[in-house]
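>
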Amino acid sequence: MTTLGEVALWIALPIALWGTVLSFAGGRTGRTDLVLSGERAAYALTFLLALASAGIVAAFLGERYEFWYVASYSNRELDTYFKVAGLWAGQRGSLVFWTLLLSGFASIAVFRNRRRNREFMPYVSGTLLAILSFLLVVLLFAEVNPFERLGFTPANGRGLNPQLQNYWMTIHPPTLYLGFTAFAVPFAFAVSALLTGRLDSRWIAVTRRWILLSWFFLTNGIIFGMRWAYEELGWGGYWFWDPVENASLLPWLTATAFVHSIQIQENRGMLKVWNMCLVVATFLLTIFATFLTRSGLIESVHSFAENLKIAYIFLGFLGAVAGICAVLIIYRLPLLKGESAIQSFVSRESAFLFNNLLFVGIAFAVVWGTLYPLITEGFFGQKINVGPPYYNRVNVPAGLILLALMGVGPVIAWRRASKRNLRKNFALPVAAGIAVAGALLALGVRHWAALSTFAISAFVLTVIVAEFWKGTRARARISGEGRWKSLLNLVGRNRRRWGGYVVHAGVVLVFTGLAGAAFDVAVTQELAPGESVAVRSAFGHEYSLTYESLSHSRPRASAANRENDWRWTALVTVRRGGERLAVMRPERRFYPVMDQSSTEVGIHSTAFEDVYVIPRDVDLESGAERVVFEVKVLPLVPWIWYGGMIVAAGALVSLWPAGVGSGRTAAGGRVPGAAAGQAA
Amino acid sequence: MMAVAGGIALAAGVLLFVLEPLLSGRGAPAYGGDDRHDEAAARRRVALAALRDLEYDRATGKLDAEDYAALESDLSREALDALGAAAADMPEDPAAAALEREIAAVRQALREGLQCGSCRHVNASGARFCSRCGDPLGAAS
Chain A
38 MTTLGEVALW IALPIALWGT VLSFAGGRTG RTDLVLSGER AAYALTFLLA LASAGIVAAF
98 LGERYEFWYV ASYSNRELDT YFKVAGLWAG QRGSLVFWTL LLSGFASIAV FRNRRRNREF
158 MPYVSGTLLA ILSFLLVVLL FAEVNPFERL GFTPANGRGL NPQLQNYWMT IHPPTLYLGF
218 TAFAVPFAFA VSALLTGRLD SRWIAVTRRW ILLSWFFLTN GIIFGMRWAY EELGWGGYWF
278 WDPVENASLL PWLTATAFVH SIQIQENRGM LKVWNMCLVV ATFLLTIFAT FLTRSGLIES
338 VHSFAENLKI AYIFLGFLGA VAGICAVLII YRLPLLKGES AIQSFVSRES AFLFNNLLFV
398 GIAFAVVWGT LYPLITEGFF GQKINVGPPY YNRVNVPAGL ILLALMGVGP VIAWRRASKR
458 NLRKNFALPV AAGIAVAGAL LALGVRHWAA LSTFAISAFV LTVIVAEFWK GTRARARISG
518 EGRWKSLLNL VGRNRRRWGG YVVHAGVVLV FTGLAGAAFD VAVTQELAPG ESVAVRSAFG
578 HEYSLTYESL SHSRPRASAA NRENDWRWTA LVTVRRGGER LAVMRPERRF YPVMDQSSTE
638 VGIHSTAFED VYVIPRDVDL ESGAERVVFE VKVLPLVPWI WYGGMIVAAG ALVSLWPAGV
698 GSGRTAAGGR VPGAAAGQAA
Chain B
1172 MMAVAGGIAL AAGVLLFVLE PLLSGRGAPA YGGDDRHDEA AARRRVALAA LRDLEYDRAT
1232 GKLDAEDYAA LESDLSREAL DALGAAAADM PEDPAAAALE REIAAVRQAL REGLQCGSCR
1292 HVNASGARFC SRCGDPLGAA S
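Next comes the structure, spelled out in C-alpha cells:
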C-alpha cells in the first residue's frame, strides 16, 4: 500500500502538468477533447492523491519507521487515531493532505459544472490543476517527500509532540485545510472570468456557495483551534496573536470582507475591481497560511519548525500568482468599471464599504505584526516580537466598530437612508444599548472596552431580534400562516440574509465572551492534600476548591519500553457556596520518549463562567504530594463556544441549497441562472 | 516485483483514463451561449428580491411612504431594464415569477387596508380596527 502510494505521488505530477496544459490549450482553441482530457486529469489526481494519503496512513499504522516522516511523528505507543492523524501532524504529510483536499474540491467543481458554465470551465480546471502541479513539484523536489527513507529502520519512532496529542488535533487542522482549499475554487473562477473577459457578476453567482462553504470551514477551524489552545496549552486563554494563529485569521478576515462586498456587486454592480483584489488576496493568504504554519519561518508556539527552502519556494509562488493576477486585473480594467456609484454616505452600501475597509485594515495590522520580527531581523539584525498589546490596541477599536456595523447594516436602507428611516429603526436598539451601559456603570464596571462591547452587543441583538420579529409578524399577517411557519418561510425564501443575521447573533455572543476576559480572576497557591483555596468570581460567586489526593498512573505499564506517558492526576472538588459542583482531574504528564512534560487542565463550565485549574507543579521529592495550583475563574468564556455554534448554524442556513428543507421556493426549479448560481 | 507491476498497472490505467478523450475524439460539452440570458435573469431576480424586501420593509414600518416611493421606482426600473436587456426568447424564470407573486401578495394585503393608515401596524386579515391604535381600517395607505 505504502509503495503504491509513493508511486501514485510520482504519477500525479505529470498528470497534473498534462491537465494544466491541455485545459488552457482547450480553452484557447475551443477543442473540447483537450478540455475533457484536462478534466479527467483532475479526477485522476484525486484518486492518485487519495492513494498517496492512504499510503502514508498505512505506513503510520504499520509502524514503518524506515520512513523519516513516520519515525518523526509517531511511535509504537501512540493511540491509533493519532497515528491516522499523523497524515497532518507534520509539514510533509500536511502538504499531501492539503493537495488531496484541493484536488477533491477541484473534482467536485469540475463534476458539478460538467454541463454548465462551460465558458469558464477550461480555465477553472486549468487554474486548479496549475496550483496542484505547483504543490506536487514542492512535494517531490523540495526535500519534503513524505515517502523519503532513512536508510535504516529505527526500533521505534520519536513520538508525537505532546501538545498535539489531543482530540482537537484530529479535528482542527483538517477543518482549517478544508476552508483553505475550498477557497481555491472561487479563485479559479475569478481567474477564469479575467481570462475569458466575462466580468459581470456571473462568476460570483456561480461560486457564492463555495465562498460560504470555505468561510464556514475557516470559521469553524479557527474556533476549534481556540478550543484546542484553551484545553491543551494550559494558560487559560484561547488566543495569543501567535503567528500561526494570525496566519489562519488573515484569510478569514479578507474572506469575511469578500462575503459582504460581493453583495454590493450583485445588488448594485459596484466594487468589481475590489472584489477581484479580495478574492486574489484571500487565496494568496490561504497559501501564505499553509506555508507559515509549516515552514518554521517565524517562531511560534506552534513552532513545528522545519525546512526553510520550502518557505522560499512558497514565497516565489505567492509572488508569481500575485503578479499574474495583477497583470490580468489591469488588462481587464475597462471591463471592471462599476455600473453605479454610492449615492449617499448614509446607506447600506457605505456601511458595507466601511465594514470592508475595517476588515482589510485589521488584516494589514495583523500582517504587519506577524512579519515585524522578520522585518526587524532583516533591517536591524534583531528579532523583535510584538505581543498581544499591539494587536489589542489596533484591533479592539476596529472590532468594536465592526460589531456596531452589524447592528446598522440590517436596518439602514440601500442607496440613501433618510433621517426618518434612521430615527424609526434605531430608537429602540440604541435605547437598549444605553440601558445596558447605564446598568453596568451602576454596577461599577469601569473597563471601557468591555463596557462598550456589552452595550454595542445589546444594540446589535435588539436590531436582529426586532428584524426577525417584525419580518415574521408581517409575513404571518399577509400570508395568513402561523408564526412558526411564517418564520420558516421567511428564512427559507432568503437564506443568505436571515442566515447572515444568525451568524451575526453568534458573533455578538463570541464578542461578549471575549470581553469577559476583562474580568478574569486568578489565584496561585500551593496545597497539600485536604487543603482548599477560595476564589471569588467577577459575578460574585464564591468558589472553594479542595485538593483531595494525588494518584500516579503509568498507562500500558506492562512493558517498560511501551509507555507513551506517565500521569500524575490530582483530584480536586469544586464547591460553590457549600454546594458540591464537580470533581476535576487535572494532570501533569511526562512523555519519556520525547522527554517532555505537559499539563492537562481541569475545566468546570457553567452557563456564565468557567472554573479553570492548572496544576503548575507537582512536588514528587518530599513525598508530601504538594501541588502548586493556579485557579482561574473566567467569566463568559462558554459564550465563545456557544456563539461559535450559532455562527456555524447560521452559515449552514446561508449556504444550504435552495430547494432543500422548505421545498423548492424562490430560487428553485431549473432556471438557467438560478440553478447554476445556487448549485455550482 | 509485485510493487513494480502494481505501479505500472496504476500508471497505465490513469493514462488510459486521461488520454481516452484524445484517442476517441470525445469532447466535453462546449459553451453554446446557453447561459447568455443568465446575467439579465440574475439582475432581474436581484431587483425583484430587493423589491420584495422593500415591500416587507414598508409593511413592517421600517420605511415610510416617502422613502418607499423613491426606492420603489428605482428598483422597478432596474427590474424592467433587466427584462429589456434580455433577448425576446428569454426562457420563463420561475424564480422571478415566484418573487413577483410574493410582491403582489404583499401589495394586495396593504391595499386591502390591513396596514393601519395612522400607525402603519399590519393587522390580521378580516380586522376592521387597528389592533394597536384602534383607528378604523379600510382606506388604502
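As they're listed, the protein sequences go chains A and B. All residue numbers for the first sequence refer to this note's numbering, where the first residue is 38 and numbers rise by one. All residue numbers for the second sequence refer to this note's numbering, where the first residue is 1172 and numbers rise by one. In this text, a Cβ means the ideal position worked out from N, Cα and C, and glycines have one as well. Here the structure is a predicted model, which is why all the values come from computation and not from measurement.
With 8 Å as the threshold, decide whether the Cβ of Phe1300 of chain B is near any Cβ in chain A.
For the purposes of this step, residue 1300 of chain B is taken as residue 129 along the second sequence, with counting starting at 1. False, the Cβ-Cβ gap to chain A never drops below 8 Å.
> When Cβ atoms are compared, which residues of the stretch 52–66 of chain A fall closer than 7 Å to chain B?
Listed in sequence order: Ile52, Trp55.
> Tell me where the alpha helix (DSSP H) around Ser516 of chain A begins and ends.
Position 479 of the first sequence holds residue 516 of chain A. Counting along the chain, the alpha helix (DSSP H) containing Ser516 of chain A begins and ends at 485–516.
> Just tell me which of A:Val317, A:Glu386, A:Ile259 has its CA closest to the CA of Pro223 of chain A.
Position 186 of the first sequence, counted from the start, is the residue given in the question as residue 223 of chain A. For the residues A:Val317, A:Glu386, A:Ile259, the minimum Cα distance to Pro223 of chain A belongs to A:Val317.
> Buried or exposed: where does Ala53 of chain A fall if 16 or more other Cβ atoms within 10 Å of its Cβ makes it buried?
Position 16 of the first sequence, counted from the first residue, corresponds to residue 53 of chain A. Looking at its Cβ environment, which holds 16 or more other Cβ atoms inside 10 Å, Ala53 of chain A is buried.
> Please work out which residues of its chain come closer than 8 Å, Cβ to Cβ, to Gly446 of chain A, disregarding the five sequence neighbours upstream and downstream, and give them in chain order.
Along the first sequence, read from residue 1 onward, the residue named residue 446 of chain A stands at position 409. Taken in chain order, the residues that qualify are Arg385, Ala388, Phe389, Asn392.
> Here's the rule: buried if 16 or more other CB atoms are within 10 angstroms of the residue's CB, otherwise exposed. What is Met1172 of chain B?
Mapped onto the second sequence, residue 1172 of chain B falls at position 1. Exposed: under 16 other Cβ atoms inside 10 Å.
> Counting contacts by CB-CB distance shorter than 8 Å, is Glu1210 of chain B in contact with chain A?
Against the second sequence, residue 1210 of chain B aligns to sequence position 39. Interface residue, yes.
> Can you list the residues of chain B that Ala511 of chain A reaches, using a CB-CB cut of under 7 Å?
By one-based count along the first sequence, residue 511 of chain A stands at place 474. By Cβ distance, chain B contributes Tyr1227, Ala1230, Thr1231, Val1293.
> Terminal residues of the continuous beta strand (DSSP E) containing Ala607 of chain A?
Taking the first residue of the first sequence as position 1, residue 607 of chain A is located at position 570. First-last of the beta strand (DSSP E) with Ala607 of chain A: 603–613.
> Nearest CA to the CA of Tyr204 of chain A: which residue from A:Asn182, A:Leu177, A:Thr117?
Taking the first residue of the first sequence as position 1, residue 204 of chain A is located at position 167. When only C-alpha atoms are compared, the closest one is A:Thr117.
> Please compile the residues from chain B whose C-beta is within a distance smaller than 9 Å of the C-beta of Thr69 of chain A.
Position 32 of the first sequence, counted from the start, is the residue given in the question as residue 69 of chain A. Here the neighbours are Pro1192, Arg1197, Gly1198, Ala1199, Pro1200, Ala1201.
> Are any of the Cβ atoms in chain A nearer than 8 Å to that of Gly1305 of chain B?
Residue mapping note: residue 1305 of chain B aligns to position 134 of the second sequence, counting from 1. No, Gly1305 of chain B does not count as interfacial toward chain A.
> Distance, Cα to Cα, Leu1308 of chain B vs Ser1302 of chain B?
Within the second sequence, numbered from 1, the residue matching residue 1308 of chain B stands at position 137. Within the second sequence, numbered from 1, the residue matching residue 1302 of chain B stands at position 131. Whole-angstrom Cα-Cα distance: 10 Å.
> Determine, for Leu1251 of chain B, whether the minimum Cβ-Cβ distance to residues of chain A falls below 8 Å.
Position 80 of the second sequence, counted from the start, is the residue given in the question as residue 1251 of chain B. No - not a single Cβ of chain A is within 8 Å of the one on Leu1251 of chain B.
> Between the alpha carbons of Val161 of chain A and Val650 of chain A, how many angstroms are there, rounded?
Within the first sequence, residue 161 of chain A is the residue found at index 124, counting from 1. Within the first sequence, residue 650 of chain A is the residue found at index 613, counting from 1. Their Cα atoms are separated by approximately 51 Å.
> How would you label Val684 of chain A, buried or exposed, when you count the other beta carbons within 10 angstroms and need 16 or more for buried?
Counted from its first residue, the first sequence places residue 684 of chain A at position 647. Classification for Val684 of chain A: buried.
> Does chain A have any CB closer than 8 Å to the CB of Ala1183 of chain B?
The residue you call residue 1183 of chain B lines up with position 12 of the second sequence. With 8 Å as the cut-off, Ala1183 of chain B does not count as an interface residue toward chain A.
> By how many angstroms is the C-alpha of Ala468 of chain A removed from the C-alpha of Arg653 of chain A?
Counting from one through the first sequence, the residue named residue 653 of chain A turns up at place 616. Counting from one through the first sequence, the residue named residue 468 of chain A turns up at place 431. Each residue's Cα considered, the two are about 46 Å apart.
> Where does Asn458 of chain A land, buried or exposed, given buried means 16+ other C-beta within 10 angstroms?
Position 421 of the first sequence, counted from the first residue, corresponds to residue 458 of chain A. Buried, because 16 or more other Cβ atoms sit within 10 Å of the Cβ of Asn458 of chain A.
> Taking only three categories from DSSP, how would you classify His297 of chain A?
Taking the first sequence and counting its residues from 1, the one referred to as residue 297 of chain A is at position 260. If DSSP states are grouped into helix, strand and coil, His297 of chain A belongs with the helices.
> Do the stretch 512–523 of chain A and the stretch 557–568 of chain A touch if we need at least three Cβ pairs shorter than 8 Å?
Segments in contact, no.
> Exposed or buried, which one is Thr330 of chain A when buried takes at least 16 other CB atoms within 10 Å?
Residue numbering aside, residue 330 of chain A sits at position 293 when the first sequence is read from its first letter. With 16 or more Cβ atoms within 10 Å of its Cβ, Thr330 of chain A is classed as buried.
> Residues of chain A with CB closer than 7 Å to the CB of Leu1308 of chain B, please, in chain order.
Position 137 of the second sequence, counted from the first residue, corresponds to residue 1308 of chain B. Residues of chain A passing the Cβ test: none, with the nearest at roughly 12 Å.
> So Leu172 of chain A packs on Leu372 of chain A, CB below 8 Å; how close in whole Å?
Here the question's residue 172 of chain A lines up with position 135 in the first sequence. Here the question's residue 372 of chain A lines up with position 335 in the first sequence. Contact doesn't hold; Cβ gap of about 31 Å is too wide.
> List the DSSP bridge partners of Arg460 of chain A.
Counting from one through the first sequence, the residue named residue 460 of chain A turns up at place 423. Arg460 of chain A pairs with nothing; no bridge assigned.
> Which residues in the same chain have their Cβ closer than 6 Å to the Cβ of Leu1219 of chain B, if we skip the five residues on either side of it in sequence?
In the second sequence, the residue the question calls residue 1219 of chain B occupies position 48. Hits under 6 Å: Ala1250, Ala1267, Leu1270.
> Taking Cβ to Cβ, would you say Val528 of chain A is nearer than 8 Å to Val665 of chain A?
Start at 1 with the first residue of the first sequence, and residue 528 of chain A comes out as number 491. Start at 1 with the first residue of the first sequence, and residue 665 of chain A comes out as number 628. Cβ distance not < 8 Å, so Val528 of chain A and Val665 of chain A don't count as in contact.
> Where do the ends of the beta strand (DSSP E) carrying Ala242 of chain A lie?
For the purposes of this step, residue 242 of chain A is taken as the residue at position 205 of the first sequence. Careful: Ala242 of chain A lies outside any beta strand (DSSP E), inside the alpha helix (DSSP H) at 239–265.
> Taking only three categories from DSSP, how would you classify Leu236 of chain A?
Locating residue 236 of chain A in the first sequence gives position 199, where the first residue counts as 1. Coil.
> Hey, Pro672 of chain A and Phe576 of chain A are a contact pair by Cβ (cut 8 Å); roughly how many whole angstroms apart?
Numbered from 1 along the first sequence, position 635 holds the residue referred to as residue 672 of chain A. Numbered from 1 along the first sequence, position 539 holds the residue referred to as residue 576 of chain A. Going by Cβ atoms, the distance from Pro672 of chain A to Phe576 of chain A rounds to 6 Å, so yes, they are a contact pair.
> In chain B, what lies closer than 8 Å to Phe77 of chain A by C-beta?
To locate residue 77 of chain A, count along the first sequence from 1; it is residue 40. Residue 77 of chain A is actually Arg in this sequence, not Phe. The answer, in chain order, is Phe1188, Val1189, Glu1191, Pro1192.
> Look up Asp1224 of chain B in the DSSP assignment and say whether it is helix, strand or coil.
Position 53 of the second sequence, counted from the start, is the residue given in the question as residue 1224 of chain B. Three-state DSSP puts Asp1224 of chain B in a helix.
> Output needed in chain order: residues of the stretch 226–241 of chain A with a Cβ under 8 Å from some Cβ in chain B.
If the cut-off is 8 Å between Cβ atoms, the stretch 226–241 of chain A has Asp237, Ser238, Arg239 near chain B.
> Are the CB atoms of Val1217 of chain B and Asn154 of chain A within a distance shorter than 8 Å?
For the purposes of this step, residue 154 of chain A is taken as residue 117 along the first sequence, with counting starting at 1. For the purposes of this step, residue 1217 of chain B is taken as residue 46 along the second sequence, with counting starting at 1. Cβ atoms of Asn154 of chain A and Val1217 of chain B: not closer than 8 Å.
> Closer than 8 Å by beta-carbon distance: list the chain B residues that pair up with Asn458 of chain A, in chain order.
Numbered from 1 along the first sequence, position 421 holds the residue referred to as residue 458 of chain A. Lys1233, Leu1234, Asp1235, Asp1238, listed in chain order.
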